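Note that numbering that gives the first Met the number 0 has the sequence shown beginning at 0, numbered continuously upward.
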Amino acid sequence: MTRELTCIVCPKGCQITVELDESKRVLSVNGHTCKRGEEYANTECTAPRRTITTTVAVAGGGVVPVKTDKTVPKELMLDCMTLINRARVDRGTPLGAVVIENILDTGANVVTTKSVK
Ligand code: SF4
0 MTRELTCIVC PKGCQITVEL DESKRVLSVN GHTCKRGEEY ANTECTAPRR TITTTVAVAG
60 GGVVPVKTDK TVPKELMLDC MTLINRARVD RGTPLGAVVI ENILDTGANV VTTKSVK
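Written out as structure tokens, the structure is:
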């Protein structure tokens with residue numbers, strides 16, 4: 000089996016071809032132009048991960064942008080979003096504040112990417 004991927008690690012967007020066996024083990028990776036692209040292709044085909052970027056409600060109205068400070072397993076994204084949607088921050092919360100620590104034991108914190116005025 001072959002998978003065609005666009006590397007999302009940097010803006011160059013290399014087209015990567017990954018060959019997999021029946022057990023979905025990676026046999027070969029081609030088309031990447033650096034080690035990071037090869038690592039991305041391996042991870043994407045075996046245990047895909049994503050950074051979550053979304054917003055959290057501000058008490059009293061409005062929202063503030065947040066993101067995870069590390070990638071989380073792709074299969075946990077919906078569960079993470081459920082928790083993030085329940086979270087609230089107060090006015091005066093600074094940029095980089097941890098809104099949810101170690102979400103779902105992934106090792107990733109949800110942090111603000113803007114201060115709340
Ligand atoms: S393979 Fe390397 S150079 Fe190509 S998009 Fe991925 S990170 Fe960028």
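For each residue, glycine too, the CB sits at the ideal point set by N, CA and C.
The structure displayed is predicted, hence computed values, not measured ones.
When you get a sec, list the residues whose CB is within less than 7 Å of any heavy atom of the ligand SF4, chain order please. C6, V8, C9, K11, G12, C13, I15, H31, T32, C33, R35, G36 and Y39
Measure the C-alpha to C-alpha separation of I99 and G91 and round it to an integer number of angstroms. Within the sequence shown, residue 99 is the residue found at index 100, counting from 1. Within the sequence shown, residue 91 is the residue found at index 92, counting from 1. Cα to Cα, the separation comes out at about 17 Å.
Would you mind reading off the limits of the alpha helix (DSSP H) that contains I83? Reading the sequence shown from its first residue, position 84 is the one you call residue 83. It spans M76 to R85 - the alpha helix (DSSP H) in which I83 sits, taken as one unbroken run.
Using DSSP bridges, identify the partner residues of N29. Locating residue 29 in the sequence shown gives position 30, counting from the first residue. Beta-bridge pairing links N29 to T16.
Local Cβ density within 10 Å of G36, reported as buried at 16 or more and exposed below that: One-based indexing of the sequence shown puts residue 36 at position 37. So G36 counts as buried.
Of the choices G59, K34 and L77, whose alpha-carbon is the least far from that of R48? Indexing the sequence shown from 1 puts residue 48 at position 49. With distances taken between Cα atoms, R48 lies closest to L77.
Assign E3 to one of two classes, buried (16 or more other C-beta atoms within 10 Å of its C-beta) or exposed (fewer than that). Working through the sequence shown from its first residue, we reach residue 3 at position 4. The residue in question, E3, is exposed, as its Cβ has fewer than 16 Cβ neighbours within 10 Å.
Reference T52; option with closest CA among V62, T67 and G60: In the sequence shown, the residue the question calls residue 52 occupies position 53. The residue with the shortest Cα to Cα distance from T52 is T67.
Spatial neighbours of G59 within its chain, please: C-beta separation below 7 Å, excluding the five flanking residues on both sides. Indexing the sequence shown from 1 puts residue 59 at position 60. Within the same chain, G59 has close Cβ partners R90.
So is V65 buried or exposed if we call it buried at 16+ other beta carbons inside 10 Å? Residue 65 sits at position 66 when you count from the first residue of the sequence shown. Per the 10 Å Cβ criterion, buried.
For the candidate residues K116, V97, V115 and V25, whose alpha-carbon lies nearest to that of V109? In the sequence shown, the residue the question calls residue 109 occupies position 110. Selected option, being the one with the closest Cα: V97.
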